[in-house]
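Protein chains: 2
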Amino acid sequence: MRDLLVAAAFDLFTEHGYENTTIDDIVRLAGVGRRSFFRYFPSKEDVVFPDHERALADMVGYLDQDHPGQDAVTVACGAARVVMRMYAENPAFSVRRYALTRKVPALKAYEISVVWRYERALAGYLERRFAALPDGGARAHAVAAGVVAAHNYGLRSWLRSGGSGEVAASVDPALDLVRRTWRDPEDTVVLITRADTPLWQVVQRVETALRAPDQDRPGPARD
Amino acid sequence: MRDLLVAAAFDLFTEHGYENTTIDDIVRLAGVGRRSFFRYFPSKEDVVFPDHERALADMVGYLDQDHPGQDAVTVACGAARVVMRMYAENPAFSVRRYALTRKVPALKAYEISVVWRYERALAGYLERRFAALPDGGARAHAVAAGVVAAHNYGLRSWLRSGGSGEVAASVDPALDLVRRTWRDPEDTVVLITRADTPLWQVVQRVETALRAPDQDRPGPARD
């Protein structure tokens, strides 16, 4: 029923335009009553973004889990990928919605407010994780905004390409840039060695010092 | 006339609530006609944010200027301070609006869309500045979002304090965190010295190596 309403709505939006389509038109094409529509969607905007409430809940659920060995910024990037996967579930629908959202200012405004809710959820999580830092609040908000912006940048590239290929191939490099940039700045390795140290010994010491960065590197192969 | 309309609107919003106040109420209290209202403000929301169009234009003007010796992230932080000064011009009004915006979802949504326009202007500037970098696009969007989030974080702290003290004292440390974090990562100084080097000599070499960081450090004293 829910999927039927979304499909009917998108067919009408595509054919007649979003503004020219009424909720009555949608329920008529879907063959259901008005009350059914409002059982699933509070407004016409909501039928365009049917999965965001679930994605937001999934993201919050992800943040509430334990992520042993992962720093807070890495967890925030992982949470952004929860949303990314929602887009990846149905590339054709995501691309169609992207085309619609770019054309209709009301939907663009709705989308911006949805993005803001994701960002707020991330900032809340990071504020708790950074509570002990003197600049924890500002850091939490700047990281959350950076993660969301990087995710959206990668996502838009993928949507503009028509949703071809893996969305992660667009999103992961952008998220990784934010992750590397915002990781604990004290996390720097300085290696001081005599010039006549054998290379194998230097490599060994570097390896020990690097605290297994591969373990928390994001990537589709590990998710 | 414009100020009169804003003052009348805020008096009514405070007394009767935003939703319960009509444009007719506002023009009646201000003693002007409806057409005068619409000459200045396209909608009721706009009267709550009378200076954002100007601040956005000022910010774009700032970004278009030359900023010799400043890296792109520092210029973006300077552009955010253009908006900050708009809030600082009239602390009482800014605090009053903040209280109103927190209560009225329609105004919150409007504010989010305004913030998004600032962020887009910054991202556009940074994309041009980072055009030669392989990760320039993602970097531009992550930095722009971080600058805006840091600015808003500092601004909110100041507004919550009732607008007492210098707004820059709240905003500058947050912006500076973003600036330091996102500056060219190759911009690192490694000083290698013998353990018996006199301190004054080390200090001198550090001073030379640091490329005068004070020149582009943000701060109210220099603006």
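For the record, the sequence lines run as chains C and E. Heads up, the working numbering is the position in the first sequence plus 33, with the first residue counted as 1. Heads up, the working numbering is the position in the second sequence plus 33, with the first residue counted as 1. Glycine is no exception: its CB is placed at the ideal position from the N, C-alpha and C atoms. Predicted model, so just to flag it, every value in this text is computed and none were measured.
E86/C in three-state terms, based on DSSP:
Looking up residue 86/C in the first sequence gives position 53. In this structure, E86/C counts as helix in the three-state DSSP scheme.
Which residues, in chain order, does the stretch 72-91 of chain E contribute to contact with chain C at a C-beta distance below 7 angstroms?
-> none
Check whether the stretch 198-206 of chain C and the stretch 110-124 of chain C are in contact - that is, three or more C-beta pairs closer than 8 angstroms. yes
Is G170/E helix, strand or coil when you go by DSSP? Within the second sequence, numbered from 1, the residue matching residue 170/E stands at position 137. Residue state, collapsed to three classes: helix.
Does L210/E have its Cβ less than 9 angstroms from a Cβ in chain C?
Along the second sequence, read from residue 1 onward, the residue named residue 210/E stands at position 177. Flagged as an interface residue toward chain C: L210/E, by a C-beta distance shorter than 9 angstroms.
Any C-beta of chain C under 9 angstroms from that of V176/E: As a working mapping, residue 176/E is identified with position 143 in the second sequence. Output row for V176/E: interface = yes.
message: Across the stretch 133-148 of chain C and the stretch 43-53 of chain C, are there enough close Cβ pairs to call them in contact, namely three or more that are closer than 8 angstroms?
response: Result yes; three or more Cβ-Cβ pairs closer than 8 angstroms.
task = Closer than 6 angstroms by C-beta to P124/C: which residues in its own chain qualify, once you throw out the five before and the five after it? Chain order, please.
result = Walking along the first sequence from the start, residue 124/C turns up at place 91. So the qualifying residues of the chain are G196.
- Message: Distance cutoff 9 angstroms, beta carbons only. Does W5/E sit that close to anything in chain C?
- Response: Only positions 34 to 256 of chain E appear in the structure, and residue 5/E is not among them; the question remains open.
Closest by C-alpha distance to L38/C, when choosing among T54/C, N53/C and G64/C: For this step, residue 38/C is matched to residue 5 along the first sequence. When each option's Cα is compared against that of L38/C, the closest is G64/C.
message = Please classify E52/E as buried or exposed, where buried requires at least 16 other C-beta atoms within 10 Å of its C-beta.
response = To locate residue 52/E, count along the second sequence from 1; it is residue 19. Exposed.
**Asked** Does the beta carbon of N185/C come closer than 9 angstroms to any beta carbon on chain E?
**Response** Start at 1 with the first residue of the first sequence, and residue 185/C comes out as number 152. At least one chain E Cβ lies under 9 angstroms of N185/C.
* Asked: Between which two residues does the alpha helix (DSSP H) carrying M119/C extend?
  -> What you label residue 119/C is simply residue 86 of the first sequence in a count that begins at 1. Run containing M119/C: A105 to E122, per the alpha helix (DSSP H) assignment.
Against G170/E, what residues of chain C qualify as contacts under a CB-to-CB distance less than 7 angstroms, listed in chain order?
Taking the second sequence and counting its residues from 1, one reaches residue 170/E at position 137. Those within 7 angstroms of G170/E in chain C are Y186.
Exercise for the section: Note down, in chain order, every chain E residue with its Cβ under 9 angstroms from the Cβ of I145/C. Expected result: Position 112 of the first sequence, counting from 1, holds the residue named residue 145/C. Ordered by position in chain E, the residues that pass the 9 angstroms Cβ test against I145/C are A142, I145, S146, V148 and W149.
Given 8 angstroms, three or more beta-carbon pairs between the stretch 166-182 of chain E and the stretch 144-158 of chain E: yes
Practice problem: Return no unless some Cβ of chain C is closer than 9 angstroms to the Cβ of S194/E. | Solution: Here residue 194/E is taken as the residue at index 161 of the second sequence, counted from 1. S194/E does not count as touching chain C.
- Does E152/E have its Cβ less than 9 angstroms from a Cβ in chain C? Translated into positions along the second sequence, residue 152/E becomes position 119. Yes, contact with chain C.
Closer than 8 angstroms: T54/C CB and nearest the ligand MN heavy atom:
The ligand MN is not part of the structure shown, which contains no ligands of any sort.
Judging by CA-CA distance, which residue of A105/E, Y73/E and F82/E is the nearest neighbour of M34/E? Indexing the second sequence from 1 puts residue 34/E at position 1. Looking at the Cα atoms, Y73/E is the closest of the given residues.
For this session: Give a yes or no on whether the C-beta atoms belonging to F82/C and V147/C are separated by under 9 angstroms.
Result: Residue mapping note: residue 82/C aligns to position 49 of the first sequence, counting from 1. Residue mapping note: residue 147/C aligns to position 114 of the first sequence, counting from 1. Yes.
**Prompt:** E4/E: which of A41/E, V200/E and V211/E sits nearest, CA to CA?
**Reply:** Residue 4/E is absent from the structure shown; chain E starts at 34 and stops at 256.
**Study point:** In chain order, each beta strand (DSSP E) run of at least 3 residues that lies wholly inside the stretch 34-105 of chain C
**Key:** none
_Assuming A24/E and V80/E are in contact, meaning their beta carbons sit under 8 angstroms apart, how far apart are those beta carbons, in whole angstroms?_
Given a span of 34 to 256 for chain E in the structure shown, any question on residue 24/E remains unanswerable.
_N-terminal and C-terminal residue of the alpha helix (DSSP H) that A142/C is part of_ = Along the first sequence, read from residue 1 onward, the residue named residue 142/C stands at position 109. In the DSSP assignment, A142/C falls within the unbroken alpha helix (DSSP H) covering P138 to R162.
Output needed in chain order: residues of the stretch 101-122 of chain C with a Cβ under 9 angstroms from some Cβ in chain E. none
Alpha-carbon to alpha-carbon, D168/E and L224/C: Within the first sequence, numbered from 1, the residue matching residue 224/C stands at position 191. Within the second sequence, numbered from 1, the residue matching residue 168/E stands at position 135. Looking at the two C-alpha atoms, the distance is approximately 28 angstroms.
inquiry  = Using a Cβ-Cβ distance cut-off of 9 angstroms, determine whether A164/E contacts chain C.
reply    = Stepping through the second sequence from its first residue, residue 164/E is reached at position 131. Interface residue (Cβ-Cβ distance to chain C less than 9 angstroms): A164/E is not classified as such.
- Have a look at G252/C and P138/C and give me their C-alpha separation to the nearest angstrom. For the purposes of this step, residue 252/C is taken as residue 219 along the first sequence, with counting starting at 1. For the purposes of this step, residue 138/C is taken as residue 105 along the first sequence, with counting starting at 1. With a pLDDT of 41 at G252/C, under the threshold of 50, the predicted position of this residue should be treated as unreliable, though the coordinate-derived value follows. Using only the alpha carbons, I get a separation of about 34 angstroms.
Problem set entry | 7 angstroms Cβ cut-off: residues of chain E touching G179/C | As a working mapping, residue 179/C is identified with position 146 in the first sequence. From the beta-carbon of G179/C, the residues of chain E found nearer than 7 angstroms are A175, A178 and G179.
* Label D209/C either buried or exposed according to how many other C-beta atoms from any shown protein chain fall within 10 Å of its C-beta, with 16 as the threshold for buried. => Position 176 of the first sequence, counted from the start, is the residue given in the question as residue 209/C. D209/C comes out buried.
Residues of chain E with CB closer than 8 angstroms to the CB of P206/C, please, in chain order. Here residue 206/C refers to the residue found at position 173 when the first sequence is read from its first residue. Simply D168 and A171.
Please state whether the Cβ-Cβ distance between L188/E and V128/E is less than 9 angstroms.
Indexing the second sequence from 1 puts residue 188/E at position 155. Indexing the second sequence from 1 puts residue 128/E at position 95. Going by beta carbons, L188/E and V128/E fall outside the 9 angstroms limit.
Backbone CA spacing between A156/E and A109/C [nearest angstrom] | Within the second sequence, the letter at position 123 stands for residue 156/E. Within the first sequence, the letter at position 76 stands for residue 109/C. The straight-line gap from Cα to Cα measures roughly 22 angstroms.
Within 8 angstroms of chain C by C-beta, residues of the stretch 228-242 of chain E in sequence order
Those would be none; no residue qualifies.
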